[in-house]
Amino acid sequence: MNYRPTIVIAGEPYGVFLEIFFKAKKNNRFKNPIILIASKKLLIQQMKKLNFYFNVKLIDQNEINFNKLSNRDINLINVDFKFKKTFDKISDKSNSYIANCFQIGLKILNNNNCAGLINGPISKKNFLKDKFLGITEFLKSKVNKENKVAMLIYNKKLSVSPITTHLPLKEVHKHISQEKIINQVKLIKQFYKKRFNKDPIIAITGLNPHCESNYKSSEEDKIIKPAIKHLLKKKYKINGPFAADTIFMKEQSKKYDVIVGMYHDQVLPPLKTLMGFDAINITLGLPFIRISPDHGPNAAMLGKNLSDPKSLVKALKFLDKK
């Protein structure tokens with residue numbers, strides 16, 4: 014059986030991704046051949062420093078023979094990256110390197126039948142600056158500006174999806190609308206139906222504590238409840254709004270496949286508390302599946318060989334299924 018390749022972009026060169034990639038390859042077997050896009054020099058130096066060994070097979074990005082790819086080796090597309098230290102601080106000096114990696118990865122995805130894209134964590138502060146809120150929005154701009162996209166932090170038992178992503182809390186209420194909630198729920202249902210042949214049961218949180226405020230007209234009354242009412246008329250399996258301080262309690266959350274929250278830290282911390290690294294970040298709405306491990310570059314752990322590869326392993330195995 015021929016398997017489609019998984020494209021992996023190493024991301025921030027001074028994060029822990031290469032370490033968890035080495036651990037994932039050493040301790041797991043994957044069906045799909047993996048094509049890694051990264052600096053060969055940095056990869057080899059980090060591999061030596063962290064006491065891993067793999068044979069590195071260089072791949073020409075313009076002449077990829079999928080039938081000759083093997084997961085015994087690291088199938089590498091080398092991207093030049095000038096650096097002085099194997100382990101260094103994260104800075105914007107890596108920006109052009111990261112951009113080149115994404116450019117190559119998107120080109121391959123556009124021209125070939127691939128399983129999907131996995132990217133290592135990126136420093137949003139340095140790479141994205143003020144242009145994009147996150148990689149979700151960055152990829153949307155590169156692929157199709159008209160696409161509706163959404164972030165889904167996926168676990169088989171329970172997933173979460175924030176309506177707004179990397180916004181300051183004071184800005185969140187300005188970026189919530191009925192249209193956003195409706196579109197996001199539609200994307201989630203489409204994904205679950207296509208991937209799992211399942212009509213997901215979805216909970217929606219409120220924005221304010223206890224789903225109320227001292228204002229005459231709260232976001233719950235103006236935006237969230239009307240969106241839920243519209244979706245119920247369209248036969249979506251949806252309930253809410255729920256107070257975010259109780260929806261994640263065991264007896265509540267086990268009723269749902271997905272909890273949709275109004276902002277990033279309303280739903281991600283509870284899920285990470287429940288699942289640890291056993292979750293993956295999936296971008297919905299792109300013409301390909303994009304996944305990233307559910308953690309950041311974690312520069313404080315760089316070079317210590319203590320990082321957990323569970324989320325990356327989960328991402329690679331998720332793409333192995335199709």
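Residues in the sequence shown are numbered from 14 upward in steps of one, following the numbering used here.
By construction, the Cβ of each residue, glycine as well, lies at the ideal position given by its N, Cα and C atoms.
None of these values were measured; they are calculated from a predicted model.
Determine the burial state of residue 223: buried for a count of at least 16 other Cβ atoms within 10 Å of its Cβ, exposed for fewer. exposed
If the criterion is Cβ atoms closer than 9 Å, does the pair residue 34 and residue 133 meet it? yes
Please report the straight-line C-alpha distance between residue 327 and residue 236, rounded to a whole angstrom. 35 Å
Looking only at C-alpha atoms, which of 79, 73, 30 sits nearest to residue 89? 73
Residues near residue 261 in its chain [Cβ-Cβ closer than 6 Å; skip 5 each side]: 283
Under 7 Å Cβ to Cβ from residue 232, same chain only, skipping five residues before and after it: list those, please. 186, 189, 220, 221
Do residue 340 and residue 77 have their CB atoms nearer than 9 Å? Here the chain covers residues 14 to 335 and nothing more, so residue 340 does not appear.
Consult DSSP for residue 303 and reduce its assignment to one of helix, strand or coil. strand
Coarse secondary structure for residue 320, derived from DSSP in three states: coil
To which residues of the same chain is residue 322 closer than 7 Å at the C-beta, ignoring the five residues directly before and after it? 33, 36, 37
Below 8 Å on the Cβ atoms is my guess for residue 294 versus residue 103; work out the distance and round it to an integer in Å. About 19 Å; that fails the 8 Å criterion.
From residue 311 to residue 247, what distance separates their C-alpha atoms? 42 Å
Residue 92 by DSSP, collapsed to three states: which one? coil
Measuring alpha carbon to alpha carbon, tell me which of 209, 207, 175, 180 ends up nearest residue 216. 175
DSSP state of residue 229 mapped onto helix, strand, coil: coil
Backbone CA spacing between residue 108 and residue 317 [nearest angstrom]: 24 Å
May I have the straight-line CA-CA distance separating residue 202 from residue 300, to the nearest angstrom? 16 Å
Let's see if you can read the secondary structure: which residues bound the beta strand (DSSP E) around residue 172? 172 to 175
Burial state of residue 24 (16 or more Cβ within 10 Å): buried
With respect to 8 Å, is the separation between the Cβ of residue 283 and the closest non-hydrogen atom of the ligand ATP below this value? Ligands are entirely absent from the displayed structure, and the ligand ATP is therefore not among its contents.
Of the choices 123, 95, 126, whose alpha-carbon is the least far from that of residue 111? 95
Can you tell me whether DSSP reads residue 286 as helix, strand or coil? helix
Residue 258 burial status per 10 Å Cβ neighbour count (16 or more: buried): exposed
Taking the C-alpha atoms as reference points, what is the distance between residue 314 and residue 30? 11 Å
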